[in-house]
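Asker: Take this structure first; my questions come after.
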Amino acid sequence: MEAPIGVIDSGVGGLTVVKELLNRLPNEPIVYIGDDARCPYGPRSTQEVRKFTMEMATALSETGIKMLVIACNTATAVALDEVREHFSFPVIGVIVPGARGAVKASKTGDIAVLGTVGTIKSHAYDDAIHALLPSATVHPLACPDFVPIVESGLYKSENASGIVKKGLAGLVVKDFDVAILGCTHYPLLQNHIQAHLPSDVQIISSAVETVSDVECILVSRNIERDDSRRVAPIFYTTGQTEQFLSIVEDWLAIDKPDVRHIIL
Ligand code: DGL
């Protein structure tokens, strides 16, 4: 099927899922919306996040997507069910895949979850982890300063390292063996996060497991694209195209990416 896979996020975070999609499913066309103008979603109310998520899903549905990935934990936590009910194409989020990856990787069942205020408050990770491993102990930590540093493009800076160090100081319990990056922006800070966590802690991002779910859906519904000629992804942002473009170039190593402005 020629139609693209839609991917949405509050900003550039969903590009971490796009990176894995491009690696594993290179034939699949992708159309992306980052709502950078209204990012971060983490501190916003449930109603606002639901409304914004529906707006992005509606805009992509009008372009004719074959499935949708909500590549934002905050939006997945509060809007996945509503989006699923509203559209006829398959819709997947990133929380159940992230929880699955962490449960597979953990030997002790002690799992730290780093996320936005909205994701942590929703307890969506606690529920998803305990559904898979009832004996697990979850150590949640909201890191509200991480998304702004990624959106500003300064995720490689010394300043970013200091912000990550300060944010992770809130993790008082240290006896976990796995930490979930429960926000799709955080893989851009992964080097800093790894540097400020105990060295034996394994970091899990939901991208790998999410893309496994995408693949299963494409195969089981027989909606894969057969043509092996690659199609360049299209990126829409509600924010500044220049800033978005430079992060796409850096993170996805795409030369002259197709980045367009969208008003929702
Ligand atoms: N990438 C979004 C997530 O996974 C970032 C949230 C935000 O905008 O605060 O939760």
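Just so you know, we're using my numbering here: the sequence shown kicks off at 692 and counts up by one.
Backbone N, C-alpha and C define an ideal beta-carbon position, used for all residues, glycine too.
Could you check whether the Cβ of Cys763 sits closer than 7 Å to any heavy atom belonging to the ligand DGL?
Answerer: Result yes, Cβ under 7 Å from the ligand DGL.
Asker: Would the C-beta of His830 count as close to the ligand DGL, meaning under 7 Å from any of its heavy atoms?
Answerer: Not so, every heavy atom of the ligand DGL lies at least 7 Å from the Cβ.
Asker: Do Val910 and Leu712 count as a contact pair if the criterion is CB distance below 8 Å?
Answerer: It is not a contact, given that the beta carbons lie outside the stated cut-off.
Asker: Kindly indicate the opening and closing residues of the alpha helix (DSSP H) around Pro788.
Answerer: Here the alpha helix (DSSP H) through Pro788 covers Ile786 to Ala796.
Asker: Determine the direct distance from the alpha carbon of Val869 to that of Ser797, and round the result to whole angstroms.
Answerer: Roughly 6 Å between the two C-alpha positions.
Asker: With DSSP run on the structure shown, which of helix, strand or coil describes Tyr723?
Answerer: Of the three classes helix, strand and coil, the one that applies to Tyr723 here is strand, per DSSP.
Asker: Which stretch, first to last residue, makes up the beta strand (DSSP E) that contains Gly800?
Answerer: Careful: Gly800 lies outside any beta strand (DSSP E) and carries neither H nor E.
Asker: Does any residue of chain C bring its CB to less than 8 Å from the CB of Gly844?
Answerer: Included in the structure is just one protein chain, with no chain C present.
Asker: By Cβ distance, which residues of its chain are closer than 8 Å to Ala895, with the 5 residues on each side in sequence left out?
Answerer: Correcting the residue identity first, residue 895 is Ile in this sequence and not Ala. Excluding sequence neighbours, Ile895 sits near Gly789, Gly792, Ala793, Ala796, Val869, Ala870, Ile871 and Leu872.
Asker: Can you give the Cα-Cα distance for Leu832 and Thr707, rounded to whole angstroms?
Answerer: Rounded to whole angstroms, Leu832 to Thr707 spans 21 Å at the Cα level.
Asker: Just grab the DSSP bridge partners of Ser896 for me.
Answerer: DSSP lists Leu872 as partners of Ser896.
Asker: Touch check for the segment 884 to 893 and the segment 727 to 741: three-plus C-beta pairs under 8 Å?
Answerer: As far as the Cβ criterion goes, the segment 884 to 893 does not touch the segment 727 to 741, which means the pair count is below three.
Asker: Could you give the uninterrupted runs of the alpha helix (DSSP H) lying entirely in the segment 883 to 927, keeping only those of 4 residues or more?
Answerer: DSSP runs (the alpha helix (DSSP H)) wholly in the segment 883 to 927: 898 to 911.
Asker: Anyone know if the C-beta pair for His876 and Phe837 falls short of 8 Å?
Answerer: Yes. Within cutoff.
Asker: Can you determine whether any heavy atom of the ligand DGL sits closer than 7 Å to the C-beta of Asp891, and answer yes or no?
Answerer: The answer is no for Asp891.
Asker: Could you tell me which of Asn718, Ile811, Val709 and Phe780 sits nearest to Glu753, measuring between CA atoms?
Answerer: Taking only the C-alpha atoms, the option nearest Glu753 is Phe780.
Asker: Can you determine whether any heavy atom of the ligand DGL sits closer than 7 Å to the C-beta of Tyr816, and answer yes or no?
Answerer: No, the Cβ of Tyr816 stays beyond 7 Å of every heavy atom of the ligand DGL.
Asker: Given a cut-off of 8 Å on the beta-carbon distance, is the pair Val740 and Ala762 in contact?
Answerer: The answer is no: Cβ separation not under 8 Å.
Asker: For the candidate residues Ile721, Cys730, Phe743 and Gly702, whose alpha-carbon lies nearest to that of Leu955?
Answerer: The shortest Cα separation from Leu955 among Ile721, Cys730, Phe743 and Gly702 belongs to Phe743.
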